[in-house]
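Its first residue numbered 5, the sequence shown is counted upward by one per residue in our numbering.
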Amino acid sequence: MANTASEPEDQFRRMLNHAVLAPSGHNTQPWLFRLVMDQLELIADRTRALPVVDPYDRELTISCGVVLDHLVIAGRHYGKEIEVEVTPDLKDADLLARCRIASDVTPAATDNALFKAIPYRRTTRTKFEKRELSGYNSDRCIEFAKQFGVELRLITDSTMRRRIAELVAEGDRIQFADPRFRRELASWVHSRRGSSHDGMSGEGFGMPDALSSIGALVIRTFDLGNGVAASDQEKILEGSPTLAVFSSPSDTLPHWLATGQALSKVLLTLTDAGATASYLNPPVELEQLRIRLRELAGCKGTPQLLMRFGYGPSVAPTIRREVNEVLIS
Ligand SMILES: Cc1cc2nc3c(=O)[nH]c(=O)nc-3n(C[C@H](O)[C@H](O)[C@H](O)COP(=O)(O)O)c2cc1C
Numbered sequence: 005m006a007n008t009a010s011e012p013e014d015q016f017r018r019m020l021n022h023a024v025l026a027p028s029g030h031n032t033q034p035w036l037f038r039l040v041m042d043q044l045e046l047i048a049d050r051t052r053a054l055p056v057v058d059p060y061d062r063e064l065t066i067s068c069g070v071v072l073d074h075l076v077i078a079g080r081h082y083g084k085e086i087e088v089e090v091t092p093d094l095k096d097a098d099l100l101a102r103c104r105i106a107s108d109v110t111p112a113a114t115d116n117a118l119f120k121a122i123p124y125r126r127t128t129r130t131k132f133e134k135r136e137l138s139g140y141n142s143d144r145c146i147e148f149a150k151q152f153g154v155e156l157r158l159i160t161d162s163t164m165r166r167r168i169a170e171l172v173a174e175g176d177r178i179q180f181a182d183p184r185f186r187r188e189l190a191s192w193v194h195s196r197r198g199s200s201h202d203g204m205s206g207e208g209f210g211m212p213d214a215l216s217s218i219g220a221l222v223i224r225t226f227d228l229g230n231g232v233a234a235s236d237q238e239k240i241l242e243g244s245p246t247l248a249v250f251s252s253p254s255d256t257l258p259h260w261l262a263t264g265q266a267l268s269k270v271l272l273t274l275t276d277a278g279a280t281a282s283y284l285n286p287p288v289e290l291e292q293l294r295i296r297l298r299e300l301a302g303c304k305g306t307p308q309l310l311m312r313f314g315y316g317p318s319v320a321p322t323i324r325r326e327v328n329e330v331l332i333s
């Protein structure tokens with residue numbers, strides 16, 4: 005007779021192989037998973053927090069929302085419906101979700117398309133082509149976000165993009181002037197050939213992987229604010245046909261998690277359509293700019309992510325921790 009006791013563990017492990025490819029701020033991968041009987045718990049790994057840029061673990065929780073939704077997508081692809089209970093124990097703020105294999109399911113074509121996109125999704129920091137997303141793909145992204153209670157506003161108007169570009173540039177200057185911000189960013193920039201399975205290679209910033217340590221030194225030592233601001237401004241004006249603002253009804257943990265779940269679906273939808281994305285977070289990370297972004301973009305709720313969507317060149321994959329490194333008993 006088959007050993008049914010090990011079945012959920014084997015099934016969850018198979019799904020986790022795909023889920024851990026999720027994106028996260030600075031590629032910190034701030035998640036742990038714990039198997040308890042036949043359930044899988046998602047735990048926020050706050051030892052991987054970014055206290056300067058993300059003092060309330062808001063982006064950390066969004067990243068965990070992405071890995072959670074990737075798990076559900078992998079589950080459906082393998083014919084299993086995953087039932088998710090979010091924040092099941094209010095006394096344990098680190099326990100973000102409890103997952104259970106609820107039933108067998110026949111995956112729809114969309115489930116398989118999103119699943120297939122997981123290993124190909126990338127953050128692309130270069131300029132994008134001029135062409136905009138099709139109306140069909142824009143609508144799909146907006147609809148997916150809505151399913152999690154998240155409003156996704158897509159902005160193509162050039163005047164509006166210019167005003168948002170100014171906000172991003174202002175945020176870049178403020179953040180890079182802070183040595184603590186630079187030190188925190190630099191500490192997560194290292195070569196892919198190093199021993200850690202996290203962080204960002206210099207390649208993400210347009211330099212060879214072998215120069216990652218020099219890149220980290222430069223980031224830590226110099227205020228690159230003006231250069232980064234100018235580059236972001238140019239990228240938005242000339243290489244970002246579509247800006248995207250995700251906003252949520254409240255600025256609380258469950259809505260951060262939901263934003264991450266929405267982000268997962270949106271990024272995989274873009275990848276499936278041959279498109280890509282990158283992040284322009286300073287106006288969300290700095291409270292004084294967040295209010296202005298909300299007004300500019302006309303968001304009903306609180307902005308959680310500001311991004312660029314479009315078509316860009318192919319980019320090398322970033323490194324990830326293996327399932328054995330994130331699955332605790
Ligand atoms: C919540 C969140 C915030 C992020 N913020 C930024 C950012 O401000 N700037 C940036 O260049 N990338 C940002 N990223 C992208 C990560 O750096 C990227 O996902 C990670 O390095 C892994 O690379 P990949 O997305 O190509 O797999 C963010 C990702 C997430 C999920």
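For glycine and all other residues, C-beta sits at the position ideal for the given N, C-alpha and C.
What you are looking at is a predicted structure, and each value in this text was computed from that prediction instead of being measured.
Of the listed residues the options, nearest to residue i (C-alpha basis)
i	options	result
Gly278	Ile86, Asp42, Lys120	Lys120
Pro183	Lys150, Phe226, Pro212, Gly153	Phe226
Pro12	Val57, His30, Gly83	Gly83
Met311	Arg135, Lys239, Leu215, Pro253	Lys239
Arg52	Leu39, His30, Leu72, Thr130	His30
Met19	Pro123, Asp61, Gln308, Asp96	Pro123
Ala1	Thr114, Lys150, Thr160, Ser191	As shown, the chain starts at 5 and ends at 333. That puts residue 1 outside it, with no answer to give.
Glu63	Phe148, Glu299, Ser318, Pro286	Pro286
Thr256	Pro245, Glu242, Gln308, Ser235	Gln308
Ser346	Cys303, Phe180, Pro55	In this structure the chain extends from 5 to 333, so residue 346 is not present and cannot be described.
Arg187	Arg324, Thr322, Leu54	Leu54
Tyr140	Trp35, Leu189, Thr273, Ile105	Thr273
Boundaries of the alpha helix (DSSP H) in which residue i is found, first to last residue
i	result
Gly243	229 to 243
Cys103	Cys103 -> not in any alpha helix (DSSP H); beta strand (DSSP E) instead, spanning 99 to 108.
Between the CA atoms of residue j and residue i - distance to the nearest angstrom
i	j	result
Asn7	His81	Unreliable positioning characterises Asn7 in this predicted model, as indicated by a pLDDT of 47, which lies under 50. The coordinate reading is nonetheless provided below. Distance between the alpha carbons of Asn7 and His81: 23 Å.
Asp143	Val270	10 Å
Gly229	Gly175	9 Å
Ala233	Ala117	36 Å
Asp98	Leu46	8 Å
Ser216	Leu39	36 Å
Lys71	Gly219	A small correction: the amino acid at residue 71 is Val; Lys does not occupy that position in the sequence shown. Going from the Cα of Val71 to the Cα of Gly219 covers about 28 Å.
Ile332	Arg102	14 Å
Asp58	Cys68	14 Å
Arg125	Leu137	16 Å
Ser107	Gln43	13 Å
Pro92	Ser235	43 Å
Arg50	Glu155	27 Å
Gly208	Leu189	13 Å
Nearest-angstrom beta carbon gap, residue j and residue i [assumed within contact, 8 Å]
i	j	result
Gln265	Phe185	28 Å between Cβ atoms; not a contact.
Ala26	Arg157	The Cβ separation is near 23 Å, so there is no contact.
His201	Glu329	7 Å
Gly316	Thr130	6 Å
Ile168	Leu247	6 Å
Ile66	Thr280	No, Ile66 and Thr280 are not in contact; Cβ-Cβ is about 18 Å, not under 8 Å.
Arg298	Thr306	7 Å
Trp192	Thr32	7 Å
Thr128	Ser282	6 Å
Phe132	Pro245	6 Å
Asp213	Arg196	5 Å
Met211	Thr322	With 8 Å as the limit, Met211 and Thr322 do not qualify as a contact, their Cβ atoms being about 14 Å apart.
Beta strand (DSSP E) segment containing residue i, residue limits
i	result
Ala214	From DSSP, Ala214 is part of no beta strand (DSSP E); its letter is neither H nor E.
Thr280	280 to 283
Glu133	Glu133 -> no beta strand (DSSP E), and no H or E assigned at all.
Gln33	Taken as a continuous stretch (DSSP letters only), Gln33 belongs to no beta strand (DSSP E), as it is neither H nor E.
Arg324	That residue, Arg324, is in no beta strand (DSSP E); it is neither H nor E in DSSP.
Glu45	43 to 48
Any non-hydrogen atom of ligand 3 within 7 Å of residue i CB
i	result
Gly29	For ligand 3, the structure offers nothing, since it holds only ligand 1.
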